[in-house]
Amino acid sequence: MKKIFSIHIGGFHASREPAVIGTLLGPCVAVCLYDPVARIGGMNHILLPGKADLKIFDNVARYAINAMELLINKIMTLGGQRSNLVSKVFGGANVLPAVFAESGGIGARNSEFVLEFLQMEAISIVSQDLGGHDTRKIYFHTDSGEVLLKRTRPSWWRNIGFEERRLLESARRKVEECGEAALFV
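Count along the sequence shown from 1, then add 9; that gives the number in our numbering.
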């Protein structure tokens, strides 16, 4: 029986023993790293792109650069080889309607940072599921690299169609109420 671990914002976990690591993502990004030779894997949960100011923050793993380095180092201390690592990347959703543009929102910035980091570190991305509006629940199996993903639509998404139809009908009624227009020359 595999041990089950749940990580939250700023969390990370890696295991040499077979385990399942789960997390829930919105605009945050989770990176699953796996060494297929040593069969060691781990996952982090990133809140913000960039790096933490070590003088101010006590949970530096909330920031992408710190979270990535901590996870890589943990896998290496367990016997994994950096050169063997492959990755799967999830999250980066824009879960708030019309608050932020998708291209400039925190989810997009998190995704961009992580993808750039992995490319610069020559860590292959074998799978990714980023962006959109859905939250994601993921379960990462550290011994096989397998990830199970469940998407959930935000509650506001269901109401958009209803609200648009209501506004359209209201606009049609107002147009019909206006009557005739008289133009003055």
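The C-beta atom is built at its ideal place from N, Cα and C for all residues, glycine as well.
Quick caveat, the model's predicted, so the values are computed rather than measured.
Top-ranked residue by Cα proximity to residue i, from the options
{"i": "N93", "options": "F21, V135, D143 and R175", "result": "V135"}
{"i": "K83", "options": "G35, G116 and D44", "result": "D44"}
{"i": "R75", "options": "L176, S179, D143 and N119", "result": "Rather than Arg, the amino acid found at residue 75 in this sequence is Asn. For N75, the nearest C-alpha among the options comes from N119."}
{"i": "R7", "options": "L177, S179, L176 and G141", "result": "Nothing in the structure corresponds to residue 7, since the chain is present only between 10 and 194."}
{"i": "M77", "options": "A102, V123 and N103", "result": "V123"}
{"i": "T144", "options": "L57, A102 and L79", "result": "A102"}
{"i": "E121", "options": "G88, V38 and P27", "result": "V38"}
{"i": "G88", "options": "E26, L139 and A117", "result": "E26"}
{"i": "D138", "options": "L33, A117, H54 and G100", "result": "G100"}
{"i": "H54", "options": "I18, I81 and L80", "result": "I18"}
{"i": "I81", "options": "L177, R182, I132 and S179", "result": "I132"}
Counterpart residues of residue i in DSSP-defined beta bridges
{"i": "Q90", "result": "According to DSSP, which records beta bridges pairwise, Q90 is partnered with nothing at all."}
{"i": "S133", "result": "V95"}
{"i": "D143", "result": "Bridge partners of D143: none, in fact."}
{"i": "V40", "result": "V98"}
{"i": "T161", "result": "T144"}
{"i": "L33", "result": "K146"}
{"i": "D138", "result": "F99"}
{"i": "V156", "result": "F149"}
DSSP three-state assignment for residue i, whether helix, strand or coil
{"i": "V104", "result": "coil"}
{"i": "L195", "result": "Any answer about residue 195 is impossible in this case: the structure gives the chain only from 10 up to 194."}
{"i": "M85", "result": "helix"}
{"i": "L115", "result": "Here the sequence assigns Ile to residue 115, which means Leu is not the residue at that position. Residue state, collapsed to three classes: helix."}
{"i": "A47", "result": "coil"}
{"i": "S24", "result": "strand"}
{"i": "M77", "result": "helix"}
{"i": "R181", "result": "helix"}
{"i": "S15", "result": "strand"}
{"i": "F109", "result": "Residue placement at F109 is flagged as unreliable, the pLDDT there being 49, under the threshold of 50; a coordinate-derived value is accordingly withheld."}
Residues near residue i in its chain [Cβ-Cβ closer than 8 Å; skip 5 each side]
{"i": "G31", "result": "I13, F14, S15, I16, K146, I147, Y148 and F149"}
{"i": "M85", "result": "R91"}
{"i": "G113", "result": "none"}
Same chain only: Cβ atoms within 6 Å of residue i, ignoring 5 sequence neighbours per side
{"i": "F109", "result": "At F109, the pLDDT of 49 sits below 50, so the modelled position is not reliable; the number obtained from the coordinates is stated separately. None."}
{"i": "V29", "result": "K11, I13, Y148 and H150"}
{"i": "I115", "result": "P36"}
{"i": "K159", "result": "K146"}
Below-8 Å beta-carbon distance, residue i vs any chain C residue
{"i": "Y72", "result": "Included in the structure is just one protein chain, with no chain C present."}
Neighbourhood of residue i by C-beta, 7 Å cutoff - its chain only, sequence neighbours within 5 removed
{"i": "C41", "result": "G50, M52, S96, K97, F149 and V156"}
{"i": "R175", "result": "none"}
{"i": "V104", "result": "G35, P36, H142, T144 and P163"}
Any non-hydrogen atom of the ligand GDP within 7 Å of residue i CB
{"i": "R162", "result": "Absence of the ligand GDP is noted for the structure shown, with no ligands found whatsoever."}
With a cut-off of 8 Å, do at least 3 Cβ pairs link the region 151-160 to the region 43-51? yes
Sufficient close CB pairs (3 or more, under 8 Å) joining the region 119-132 to the region 12-28: no
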